[in-house]
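Single-structure report; data block below.
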Amino acid sequence: MGLRFSKVIVPVVCSLCVSAACSGAAELKKNDYLKKSNEMGVVLLDVNWGRRWGCGSFENAQLASLKFEKVPVGEQQGKYSKIFLESPSRLFVDNKFLSYGFMVKPGKYAFTGWSVKAARSVRDVGYFRAGRDKLVNGGSYPGGTFEVAANEVIYIGNMFLDCLQTPIPWRYYTEGKDNFLRHEEQYKTKFKFLKGREITYRLLDTRYFGSPYSLRE
């Protein structure tokens, strides 16, 4: 999928915790899409929840949860204003990318939370986490943002781990037009009601959790 590892040191302070409370978000469904597609946007992304071995100073690490919220963060935005993903298992998960789709209100969204499970050994396991206190700074969002319009379908990237130092989420991407066309077909195979729709390549724009990239022919 054209994954590219960064050499950038990320200045984000994290806390190692013993638990992570997460709640999954409902995925894109055909009935919702057919009823609301003209007034809502659709966000597509891939996530790899599998273990990465030898991650930083840890024996292994894996993503546990990811959260995106509609800007301005903290206001009561109602339904369809958050994307909340969590690992399908706290134990073993296949090391592969899974495709997700969500229907959301049009607007700007910020990356506002994440947790990573990290293990030094079988008995020494914890979680690194960052939330609004680290990823929301007044009117700025150092975790990154993306925008989606009504009746628009966008792709924001492939989330996995970076292990340069402390394990953190990293926004990778599908590289090259031909590869992205194949990736589009994967989404349209899973979400068959998206057949015939254009998918706009619009990566999560982030300074600390991914490298810039523009799709070229």
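Per mature numbering (1 follows the signal peptide of the UniProt record, and there is no 0), the sequence shown runs over residues -20 to -1, 1 to 197. Here a beta-carbon is modelled for each residue, glycine too, at the ideal position from N, C-alpha and C. On a predicted model such as this, the values are computed, not experimentally measured, just so you know.
With respect to the C-alpha of residue 93, the residue from 107, 123 and 86 having the closest C-alpha is 123. Beyond the five residues adjoining it in sequence on each side, residue 18 comes within less than 6 Å, by CB distance, of 131 in the same chain, given in chain order. Using a Cβ-Cβ distance cut-off of 8 Å, the region 125 to 145 and the region 176 to 188 are in contact, since at least three pairs of beta carbons, one from each stretch, lie closer than that value.
Per the DSSP secondary-structure output, residue 66 pairs in a beta bridge with 45. Per DSSP, the continuous beta strand (DSSP E) segment holding residue 142 begins and ends at 133 to 142. The region 67 to 76 and the region 22 to 41 touch, with no fewer than 3 CB-CB distances between them shorter than 8 Å. Taking C-beta separations shorter than 8 Å and ignoring five residues to either side along the sequence, the partners of residue 35 in its chain run 41, 98, 141, 143 and 147, following chain order.
In this structure, the alpha-carbon of residue 167 lies about 7 Å from that of residue 79. The bridge partners DSSP lists for residue 97 are 42 and 107.
The beta carbons of residue 45 and residue 95 sit closer together than 8 Å. In chain order, 40 place their CB closer than 6 Å to the CB of residue 33, counting only its own chain and leaving out the 5 sequence neighbours on each side. Residue 76 sits away from residue 61, with the two beta carbons spaced by 8 Å or more. DSSP places residue 161 inside the alpha helix (DSSP H), whose first and last residues are 157 to 170.
Excluding five sequence positions before and after residue 87, the CB atoms of its chain that fall closer than 6 Å to its own CB belong to 50, given in chain order. Of 169, 196, 129 and 128, the smallest CA-CA separation from residue 155 is found for 196. Counted as a single uninterrupted DSSP element, the alpha helix (DSSP H) harbouring residue 112 occupies residues 112 to 115. One Cα belongs to residue 149, the other to residue 108, and the distance between them is close to 10 Å. For the pair residue 25 and residue 63, the Cα-to-Cα distance works out to about 11 Å.
The secondary-structure analysis by DSSP pairs residue 20 with nothing; it has no beta-bridge partner.
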